[in-house]
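J.: Dropping the structure in here first, questions after.
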Amino acid sequence: DLMSDDQSSLPRDLQEKYLLTRRIGIGVCGEVRLAFERSTCRKFAVKIINKKNFQSEGTATRNAKTEIEILQRVDHPCLIKTEDFYQTEESFYIVLELMEGGELFHRVKSKQQLNESVAKLYFYQMLRAVQYLHSNGIIHRDLKPENILLSSQDDVCLIKVTDFNQSRILEEAVLMRTLCGTPSYLAPEVFTHASTTGYGLAVDAWSLGVLLFVCLGGYPPFHESFGHQSVTDQIIRGEFTMVQSKWKSVSDQAKDVVRKLLVVDPMKRMSIEEALQHPWLQDQKMLETAHRLMYPSAEGGGAAAAMEVESTSGRNLRKRGREGDGEEQH
Ligand SMILES: c1ccc2c(c1)[nH]c1[nH]cn[n+]12
350 DLMSDDQSSL
360 PRDLQEKYLL
370 TRRIGIGVCG
380 EVRLAFERST
390 CRKFAVKIIN
400 KKNFQSEGTA
410 TRNAKTEIEI
420 LQRVDHPCLI
430 KTEDFYQTEE
440 SFYIVLELME
450 GGELFHRVKS
460 KQQLNESVAK
470 LYFYQMLRAV
480 QYLHSNGIIH
490 RDLKPENILL
500 SSQDDVCLIK
510 VTDFNQSRIL
520 EEAVLMRTLC
530 GTPSYLAPEV
540 FTHASTTGYG
550 LAVDAWSLGV
560 LLFVCLGGYP
570 PFHESFGHQS
580 VTDQIIRGEF
590 TMVQSKWKSV
600 SDQAKDVVRK
610 LLVVDPMKRM
620 SIEEALQHPW
630 LQDQKMLETA
640 HRLMYPSAEG
650 GGAAAAMEVE
660 STSGRNLRKR
670 GREGDGEEQH
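By this note's numbering, the letter at position 278 of the sequence shown is numbered 627, and the numbering carries on one by one without gaps.
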């Protein structure tokens, strides 16, 4: 269980390959420990997901399985890579690359608020990570400071998004099949936004707005300590306050990005693509730094090579049956 330190409950093959040491992170679904690969002494993070922590056996296994299959499929510089995977009766063990800078949550907390250029560098990388997930038909759905990890203690560092267990692979195939059948029994919302992928993707844009607000302001936009309304009511009404003491030093363009993401109507909310085109992010110095961090192997030529990589990796849109890839539509 979580508190015991005995290594005996670990899978033998995990034990043989890695030495697990101190706990470096704790989450709702388990803990993260620092591990050393015995053969190379390379450091890793081992995430231990306790199966019985979940209310019903079903969701536990399904969630963790979804997380693991997603972790193994995605490949982007700003997404956590999975090195290895083991399981026992009671737990899953996911070996992940170690992020020495820990969680964004603790960085913002210790600095009160991030300076704008650092917040912009991190936010740009989060946008690219989420753009990549969306182009692969994945909605994260649980973006929060605890799920954004930093590669080093320096302000200028790579960030990576983690915790996919809330992700839902867009069941487009299911929707397609539904629409092929007789429509007469289908409810109206099946045809409106509520069930199409467009609506779903917008939830991540909202969360990125909350993340940016926290990085720039040093406090959350919606919180039970603000006024008489419940957090849910504040969110449903999209009511937040940028207190002067914290926001006077933040540029109008940065505030504009936050305001356009924290829009209640998902159809009116700024999309990830639009956010990437926002004036606040057309900052050559930040873009060069970000691309140097994301694509260190790109030779000195830098810009051209990085742009080249960006155009391919960022938009590896999934083959969609709709455009007819010769598939029989029956
Ligand atoms: C602190 C908490 C969690 C962490 C971490 C440092 N490094 C890393 N890599 C994957 N998860 N994770």
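From the three backbone atoms N, C-alpha and C, an ideal C-beta is built for every residue, glycine too.
Just so it is clear, the structure is predicted and the values come from calculations on it, not from any experiment.
1. Go ahead and label residue 616 buried or exposed: buried means 16 or more other beta carbons lie within 10 angstroms of its beta carbon, across all protein chains shown.
2. Hey, is the region 468-476 in contact with the region 384-391, meaning 3+ C-beta pairs nearer than 8 Å?
3. Could you tell me the distance, in whole angstroms, from the CA atom of residue 362 to the CA atom of residue 397?
4. Please determine whether the Cβ atom of residue 381 lies at a distance below 6 Å from any heavy atom of ligand 1.
5. I need the straight-line Cα distance from residue 480 to residue 372, nearest angstrom please.
6. Within the same chain, show all residues whose beta-carbon is closer than 6 Å to that of residue 500, passing over the 5 residues directly before and after it, in chain order.
7. Do residue 611 and residue 472 have their C-beta atoms within less than 7 Å of each other?
8. DSSP puts residue 440 in a beta bridge; with which residues?
9. Taking the alpha carbon of residue 603 as the reference point, which residue from 438, 586, 589, 624 has its own alpha carbon closest?
10. Is the Cβ-Cβ distance between residue 452 and residue 444 less than 7 Å?
11. Could you tell me which of 367, 399, 595, 503 sits nearest to residue 380, measuring between CA atoms?
12. For residue 558, is the classification buried or exposed, using 16 other Cβ atoms within 10 angstroms of its Cβ as the cut-off for buried?
13. On the DSSP bridge assignment, give the partners of residue 510 in chain order.
14. Taking just the CA atoms, how far does residue 588 sit from residue 405?
15. Determine the extent of the alpha helix (DSSP H) in which residue 481 is found, giving its start and end residues.
16. Can you tell me the Cα-Cα spacing of residue 644 and residue 422, whole angstroms?
17. Over what stretch of residues does the alpha helix (DSSP H) that includes residue 647 continue unbroken?
T.: Well, looking at it:
1. Counting Cβ neighbours within 10 Å, residue 616 comes out exposed, since fewer than 16 surround it.
2. Cβ pair count under 8 Å is below three, so no.
3. So the alpha carbons of these two residues sit roughly 15 Å apart.
4. For ligand 1, at least one heavy atom lies less than 6 Å from the Cβ of residue 381.
5. Their Cα atoms are separated by approximately 31 Å.
6. Counting only Cβ-Cβ distances below 6 Å, and skipping sequence neighbours, we find 448, 450, 506, 507.
7. No, the Cβ-Cβ distance between residue 611 and residue 472 is not below 7 Å.
8. DSSP lists 399 as partners of residue 440.
9. In terms of Cα proximity to residue 603, the closest of 438, 586, 589, 624 is 624.
10. Going by beta carbons, residue 452 and residue 444 fall outside the 7 Å limit.
11. The shortest C-alpha separation from residue 380 is found at 399.
12. Counting every other CB atom within 10 Å of its CB across the protein chains shown gives residue 558 a total of 16 or more, marking it as buried.
13. Answer by DSSP bridge pairing, in chain order: 428, 497.
14. Summary for residue 405: the model assigns pLDDT 49, below 50, so the residue's position carries little reliability, and this model does not support an answer.
15. DSSP places residue 481 inside the alpha helix (DSSP H), whose first and last residues are 465-484.
16. Answer to the nearest angstrom: the Cα atoms are 19 Å apart.
17. Taken as a continuous stretch (DSSP letters only), residue 647 belongs to no alpha helix (DSSP H), as it is neither H nor E.
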